[in-house]
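*Asks:* Protein chains in written order, with this note's numbering: chain A, 1376 to 1716; chain B, 94 to 220. All residues carry an ideal CB built from backbone N, CA and C; glycine is no exception.
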Amino acid sequence: MPASFLIRWFCQIYALLLYSYPRQFRLQFGGEMQQIFRDRCSYLVRTQGRRRLLSFALRSGLDWLATTVREGSDAISTAAPNTLGHLRSVWKIGRKPSPRGFVAEWAMTILVYLFATTTLVQAYVVPTGSMENTLRIGDHMLVDRLAYADPGAEGRRLLPYRDVERGDIIALLYPEDVRQTYVKRVIGLPGDRIRLVNKQVVRNGRFLVEPYTQHIASWRDPYRDDFPAAPDLYTTPRGRDMLLHHVRNGEVVVPPGSLFVMGDNRENSADSRYWGFVPREYVVGKPLVVYWSFDAPTDELEDWSAKHVLDVTLHIFTKTRWERMLLVPRSQAAEETGGPQ
Amino acid sequence: MKKTPSPRELLPLTPPVFHILLALADEERHGYGIMQDVARQTDDALQLGPGTLYGCLKRMLAAGLVEESEERPDPALDDQRRRYYRMTELGQSVVRAEAQRLANAVHAAKSRRLLDRARPSLAGGKA
């Protein structure tokens, strides 16, 4: 993408964002703000490259967020007495106040809400038990979408940032069908060698002690428990590609730009063992907090049927798992012990 | 904000306001010129976003610290017309008073041997 196109695109977005400022402020300064935004963008691209441009755009976004709130509240507090006076005079004449302000206010609320839910956080409900007992079926949580989005060198000063690490719980797009979001734990980073010996993970030749896992099956499945020893029927095309191209000496080697993830419920989890690596750009974010946990079966959590609505209204107090409220899913690095016997 | 405030009442200034006044101390500038000059003054520690810059200018205009000058193109940038801002006399006395206040603070810090290093690190404001 050429830089000029990027600049034009940013400027258009910025011009749209300006509509969130109070009308008076926008009319007075909007044109100039657009001007200096564009000036700064082209200056940065000319002298320092595209990376700085992105961090400037991010900072301008934060600046926008902070100042739009500030100017908005400023406008309300200075306009309030006038509005009252205006209303009084309107009542005297007997006309209704125009609905325009009301509509504009709601439109902005919705815009900010959409921005927040698409860019900052995402609500997610755990539909399956693959991460039990760390996360349970029916846990409703917020996913922090900025957590693993690299803000650039400049942005790092403003926002805490740390790249994906081993043991992190992440929300990701399911590589075989990106419409679905999964939550798994990161086991392998690029370059790591992974295999399983009797349900225990061996990473780079060392056994992992993973206190967060759950083992429910007593029987042994040669593929699931001694991955990647025996080929399996349930692997997807990506899984087969992994077995074909990324197995060396009986170990899977995580390629650059990819992650190897597993569910904590090791015997009941469709994860990287079956569908391969997660491309880094498929990482959505980091589970932030469980805001509500409701005991309901998998299929009802995925769409809100009338039955589910009834179930929730009737049993909201009894089926809500109060003890899981505001639970923060913790990342936890596994301890490594000596080599395999 | 209608009455003209005395310089003392406006102190202490927020860092963005102070640096904007500094930028306008020697000449009138347009918005982008202010932005660049503030970054230069502070070694990029304080980089004003457009919203912060014009939010401050709005308040400074209302308080009578700055005023709008003419609109004209900047030969160094492009042929677009830009609105220039100029410091008023009130702005001048306010920025003097603030600089004096800061100088007193620096003097107090020096007398307590808190300023050994040649160059103090600049505190970035809320940008």
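#1: Just list the residues that DSSP pairs L1517(A) with in beta bridges.
#2: Between the alpha carbons of L1510(A) and K1574(A), how many angstroms are there, rounded?
#3: State the Cα-Cα distance for the pair Y1394(A) and C1416(A), rounded to the nearest angstrom.
#4: Our contact map puts E160(B) next to T135(B) with C-beta atoms below 8 Å; I'd like the distance itself, whole angstroms only.
#5: Are the C-beta atoms of Q1409(A) and some chain B residue less than 9 Å apart?
#6: Check distances from the C-beta atoms of the segment 147-174 of chain B to those of chain A and list, in chain order, the residues that come in under 8 Å.
#7: Counting pairs of beta carbons, one from the segment 1696-1711 of chain A and one from the segment 96-113 of chain B, are three or more of them closer than 8 Å?
#8: At the 9 Å Cβ level, is F1490(A) part of the contact set with chain B, yes or no?
#9: Let me check one thing: in DSSP terms, what residues is V1558(A) bridge-paired to?
#10: When you compare the segment 1609-1624 of chain A with the segment 1481-1498 of chain A, are there three or more beta-carbon pairs, one atom per stretch, that lie closer than 8 Å?
#11: Going by DSSP in three states, T1695(A) sits in which element: helix, strand or coil?
#12: Just to confirm before moving on: does the CB-CB distance between R1560(A) and G1625(A) stay below 9 Å?
#13: With distances taken from CA atoms, which of V1496(A), G1563(A), E1642(A) is nearest V1659(A)?
#14: Please list the terminal residues of the continuous alpha helix (DSSP H) segment that includes R1648(A).
#15: How about P1672(A) and I1512(A): are their beta carbons less than 9 Å apart?
#16: Rounded to a whole number of angstroms, what is the C-alpha to C-alpha distance between R194(B) and R133(B)?
#17: Does the distance from the CB of L150(B) to the CB of V131(B) come in under 9 Å?
#18: In the segment 175-194 of chain B, which residues sit with their C-beta less than 8 Å from some C-beta in chain A, listed in chain order?
#19: Could you give the DSSP three-state label for G1638(A): helix, strand or coil?
#20: Whole angstroms are fine: how far does the CA of I1545(A) sit from the CA of L1440(A)?
#21: For H123(B), does the three-state DSSP call read helix, strand or coil?
#22: So which residues on chain B does S1435(A) lean against when the C-beta distance must stay under 7 Å?
#23: Would you please verify whether the beta carbon of Y1536(A) is less than 9 Å from any beta carbon of chain B?
#24: Applying the criterion that 16 or more other CB atoms from any shown protein chain within 10 Å of the CB defines a buried residue, is V1684(A) buried or exposed?
#25: Cα-Cα, which of L1437(A), F1385(A), R1696(A) is closest to V1420(A)?
#26: Using a Cβ cut-off of 7 Å, pull out every chain B residue sitting near F1602(A), in sequence order please.
#27: Have a look at Y1557(A), G1424(A), L1608(A) and flag the residue whose alpha-carbon is nearest the alpha-carbon of A1498(A).
#28: To the nearest angstrom, report how far apart G124(B) and Q1403(A) are at their CA atoms.
#29: Which same chain residues end up closer than 6 Å to G1527(A) when comparing Cβ atoms and leaving out the 5 residues on each side of it in sequence?
#30: Which of the three DSSP states, helix, strand or coil, is assigned to P168(B)?
#31: Exposed or buried, which one is N1640(A) when buried takes at least 16 other CB atoms within 10 Å?
#32: Around the C-beta of K203(B), are 16 or more other C-beta atoms found within 10 angstroms, so that it is buried, or is it exposed?
#33: Please decide whether I1388(A) counts as near chain B, where near means a Cβ-Cβ distance under 9 Å.
#34: Whose CA, out of V1664(A), F1652(A), A1592(A), P1397(A), lies closest to the CA of T1611(A)?
#35: One question on the structure: do D1438(A) and T145(B) come within less than 9 Å of each other, judged by their Cβ atoms?
#36: According to DSSP, is S186(B) helix, strand or coil?
*Replies:* By the coordinates alone:
#1: A1498(A), V1664(A)
#2: 20 Å
#3: 20 Å
#4: Incorrect: roughly 24 Å between the Cβ atoms, too far for contact.
#5: yes
#6: So the close ones are Y147, G148, L150, K151, L170, Q173.
#7: no
#8: no
#9: A1546(A)
#10: no
#11: Looking at T1695(A) - three-state DSSP - the assignment turns out to be strand.
#12: In this structure, R1560(A) sits away from G1625(A), with a CB-CB distance that is not shorter than 9 Å.
#13: V1496(A)
#14: 1647-1650
#15: yes
#16: 22 Å
#17: no
#18: When CB distances to chain A are screened at a threshold of 8 Å, the residues of the segment 175-194 of chain B falling below it are R175, R176, in chain order.
#19: The three-state secondary structure of G1638(A), taken from DSSP, is coil.
#20: 27 Å
#21: strand
#22: G142, P143
#23: no
#24: exposed
#25: F1385(A)
#26: Under the 7 Å cutoff, chain B gives no residues; its nearest Cβ is about 50 Å from F1602(A).
#27: Y1557(A)
#28: 13 Å
#29: R1426, L1429, S1430
#30: If DSSP states are grouped into helix, strand and coil, P168(B) belongs with coil.
#31: buried
#32: The residue is exposed, with fewer than 16 neighbouring Cβ atoms inside 10 Å.
#33: no
#34: F1652(A)
#35: The Cβ atoms of D1438(A) and T145(B) lie closer than 9 Å to each other.
#36: In the structure shown, S186(B) sits in a helix (DSSP, three-state: H, G or I).
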